[in-house]
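K.L.:
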Amino acid sequence: LSVVPLSSLLPPFPISQPVLRLHSSPTPHNMAEDIEEILAEIDGSQIEEYQKFFDAFDRGKQGYIMATQIGQIMHAMEQDFDEKTLRKLIRKFDADGSGKLEFDEFCALVYTVANTVDKETLEKELREAFRLFDKEGNGYISRPTLKALLKEIADDLTDAQLDEAVDEIDEDGSGKIEFEEFWELMAGESD
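Each residue of the sequence shown is one higher than the last, beginning at 1 in the UniProt record's numbering.
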């Protein structure tokens, strides 16, 4: 049995925000804002990589690629994707339905696909992580265990802040963090 640091299992996060994000569909009226927000999350080296793939498929240098090429591009990028999800995202990011995606739309779409976790997979992974923290197999994580976990991933918090965070997570006040409470913390939604 090897010891894995808790911080390697979970990314750092502000306590008030869910740790993992399930894909939420943007609405057409705020699509430009959504694309801007997504682009702000992408670092320069990723943008450069996306540009290479975009340019390779924008052979006529027209400033767009056809939506029908996205599957091919994702394969070329060795990016796993779900066909149904990809089709939905193409419809969302190609809001005008032209079948053409400009570079910013392409970047936002690829980044979204790369960072989208389907709910079933997420729940399975979170149940596995939950079992790691439920050392006795009782079906819950104790307050001290959760506090230690939070301390490891947010080491700048004071004891009082950690207690407050644990109180917020332990919604029913039982002193035991059940999977549903853990799910809400990690995924940001109730089951």
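Even for Gly, the Cβ is constructed at its ideal location relative to N, Cα and C.
Mind checking E181: buried by the 16 CB within 10 Å criterion, or exposed?
P.N.:
Here residue 181 refers to the residue found at position 181 when the sequence shown is read from its first residue. It counts as buried.
K.L.:
Please identify the residue among F93, D155, I169 whose C-alpha is closest to the C-alpha of D104.
P.N.:
For the purposes of this step, residue 104 is taken as the residue at position 104 of the sequence shown. The candidate whose alpha carbon is nearest that of D104 is F93.
K.L.:
Determine the contact status of F81 and G71, defining contact as a CB-CB distance below 9 Å.
P.N.:
Indexing the sequence shown from 1 puts residue 81 at position 81. Indexing the sequence shown from 1 puts residue 71 at position 71. Closer than 9 Å, so yes.
K.L.:
Am I right that F130 and L149 are in contact with their C-beta atoms under 8 Å? What's the rounded C-beta distance?
P.N.:
The residue you call residue 130 lines up with position 130 of the sequence shown. The residue you call residue 149 lines up with position 149 of the sequence shown. At roughly 11 Å, the Cβ-Cβ gap does not stay under 8 Å, so F130 and L149 are not in contact.
K.L.:
Looking only at DSSP bridge pairs, what is K176 linked to?
P.N.:
As a working note, residue 176 is residue 176 in the sequence shown. Paired residue(s): S142.
K.L.:
Within the continuous alpha helix (DSSP H) that includes M31, where are the two ends?
P.N.:
Here residue 31 corresponds to residue number 31 of the sequence shown, with the count starting at 1. Where M31 is concerned, the enclosing alpha helix (DSSP H) stretches over 31-41.
K.L.:
Look at the alpha carbon of residue 195 and the alpha carbon of M74, and state the distance between them as a whole number of angstroms.
P.N.:
Not covered by the structure: residue 195. The range shown for the chain is 1 to 191.
K.L.:
My guess is that T85 and T121 are in contact by the Cβ rule of under 8 Å, so how many angstroms apart are they, rounded?
P.N.:
The residue labelled residue 85 in the question sits at position 85 within the sequence shown. The residue labelled residue 121 in the question sits at position 121 within the sequence shown. With 8 Å as the limit, T85 and T121 do not qualify as a contact, their Cβ atoms being about 12 Å apart.
K.L.:
Is it buried or exposed, A187, if we count other Cβ atoms within 10 angstroms and call 16 or more buried?
P.N.:
Counted from its first residue, the sequence shown places residue 187 at position 187. Flag for A187 reads buried.
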